[in-house]
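Protein chains in written order, with our numbering: chain A, 2 to 110; chain B, 818 to 967.
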């Protein structure tokens, strides 16, 4: 019972990390590589809707995939996953704000 | 601005503020040596649901109105960086929040089953603080954007 709950908690914590990394990368890459932004617009009517829909699907699919892996987990596995999520979310936020600040300053130059 | 757009914008702000407030309460409750795990779980779920509601209402407002009517005003004004930096970053960083809150809810659900160790509690606090700080940055960015449109 506890192992099942632990695997579920671990899977969703790790899938949140995957999703945060995905949002960070697609935000920066789509702004640099315009064909990707155009594809998102064309497929989802708006690039931001596309990023959201893909991230939403990725979160649940990756959690399901991780929970199917034959992992032998202990409490420390969840602690480590939570710490990775902590750093990833802060670095992702910093990366996105830095990217748009840099892009704005480049416009002025 | 139509009544629908007013309702969408107000809902976006209100649900966002409810989410931030619940994250604050969640963080402070997890800081206790014996955290009230059942209540903490409810706060995390409440925050996740609030952010999903804020995402849908804010997203509709953003797609239907912001690009056509608000963005040109900001870009023509004295503070174009309010859009180029804060709006661009906010609309993307916001996407982290529902998933961080949902992951917290599921991790706390595990902690409900077993008495959480001190290190597990500390790890939960770290993610809760990070989510709260990000939500606060998103909220403050919203205020900057509103100022840029005036």
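Glycine included, C-beta positions come from ideal geometry on N, C-alpha and C.
- In the displayed model, residue 931(B) falls within coil according to three-state DSSP, outside both helix and strand.
- By alpha-carbon distance to residue 914(B), the top candidate from 902(B), 935(B), 940(B) and 944(B) is 944(B).
- Per DSSP, residue 886(B) lies in no alpha helix (DSSP H) and is assigned neither H nor E.
- The three-state reading of DSSP puts residue 5(A) in helix, counting H, G and I together.
- Rounded to whole angstroms, residue 8(A) and residue 65(A) show a C-alpha spacing of 10 Å.
- Judged by their CB atoms, residue 865(B) and residue 918(B) are nearer to each other than the 8 Å cut-off.
- Contact annotation, residue 927(B) with residue 10(A): C-beta distance approximately 4 Å; criterion of less than 8 Å satisfied.
- Chain B places no beta carbon closer than 8 Å to that of residue 39(A), leaving this residue out of the contacts.
- For residue 909(B), a Cβ of chain A is located within less than 8 Å of the residue's own Cβ.
- With 16 or more neighbouring CB atoms inside 10 Å of its own CB, residue 49(A) falls in the buried class.
- Out of 848(B), 936(B) and 830(B), the CA that lies nearest to the CA of residue 80(A) is found in 936(B).
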